[in-house]
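Asks:
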Amino acid sequence: MKHYKTLAFFAALALGTGCASSNKAPAESGVPAAQSSTAPDSRIDGNFPANSPFAKLKLGMTQGQVHEILGQPTDTKSYQTGKAWIPFYFGPDVMRTDEFYKGVGIITYTGAGIGGVHWTVYRAIYNAAEDGYPND
């Protein structure tokens, strides 16, 4: 019986340590309210020309919408994120897909999780020197 009490104590301790929270509002945390809803590395980046199809991309667009604008990619690469290994994580960011467009750049999608696959633009990086293939 003594071991059950010890086991229950450590189980409660383990569950309690994962329940920390912050009392700061988004405006107080130093992050502007407009950026607080996106991940810190979620962005559209690069010095793309204003008349480029790349200028029409927006964060959160579906993969189909991007393909209507840019066409089919030269190559793709899919991979798991670290969130795939977090117990009880049921969010949409357990997998990502990179699409490589030769002479245009790389589009990264997220949206694969427990509820299925619904790819949306997570990051887009314009690079006119992109060779169109993964470099790893």
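Under mature numbering (1 follows the signal peptide of the UniProt record, and there is no 0), the residues of the sequence shown are numbered -20 to -1, 1 to 116, in order.
Heads up, the beta-carbon is just placed ideally off N, CA and C, and yes, glycines get one too.
As the structure is a prediction and not an experimental result, all values here were calculated from the model.
Is the beta carbon of D78 sitting closer than 8 angstroms to the one on I86?
Replies: In this structure, I86 lies closer than 8 angstroms to D78 by Cβ.
Asks: Is it buried or exposed for G91, if we count other Cβ within 10 angstroms and need 16 for buried?
Replies: G91 is buried by the Cβ-count criterion.
Asks: Tell me the rounded alpha-carbon separation between E48 and V84.
Replies: When rounded, the distance between both Cα atoms is 15 angstroms.
Asks: Which term fits P114, buried or exposed, when burial requires 16 or more other beta carbons within 10 angstroms of its beta carbon?
Replies: Classification for P114: exposed.
Asks: Within the continuous beta strand (DSSP E) that includes G71, where are the two ends?
Replies: That residue, G71, is in no beta strand (DSSP E); it is neither H nor E in DSSP.
Asks: Could you check the C-alpha separation between F28 and A64 for me, to the nearest Å?
Replies: If you take the alpha carbons of F28 and A64, they lie about 33 angstroms apart.
Asks: Going by other Cβ atoms of all chains shown within 10 Å of its Cβ, with 16 needed for buried, is A109 buried or exposed?
Replies: By the neighbour-count rule (16 or more Cβ atoms within 10 Å), A109 is not buried but exposed.
Asks: Please work out which residues of its chain come closer than 7 angstroms, Cβ to Cβ, to Y69, disregarding the five sequence neighbours upstream and downstream, and give them in chain order.
Replies: The residues are K63.
Asks: Let me know the secondary structure DSSP gives E110 once reduced to three states.
Replies: Three-state result, E110: coil.
Asks: With a threshold of 6 angstroms on Cβ separation, who are the neighbours of I105 within its own chain once the five nearest residues in sequence on each side are excluded?
Replies: D25, G26, G85, I86, listed in sequence order.
Asks: Using CA atoms only, rank isn't needed, just tell me which of Y102, D111, G112 is closest to D21.
Replies: Residue Y102 is the option with its Cα nearest to D21.
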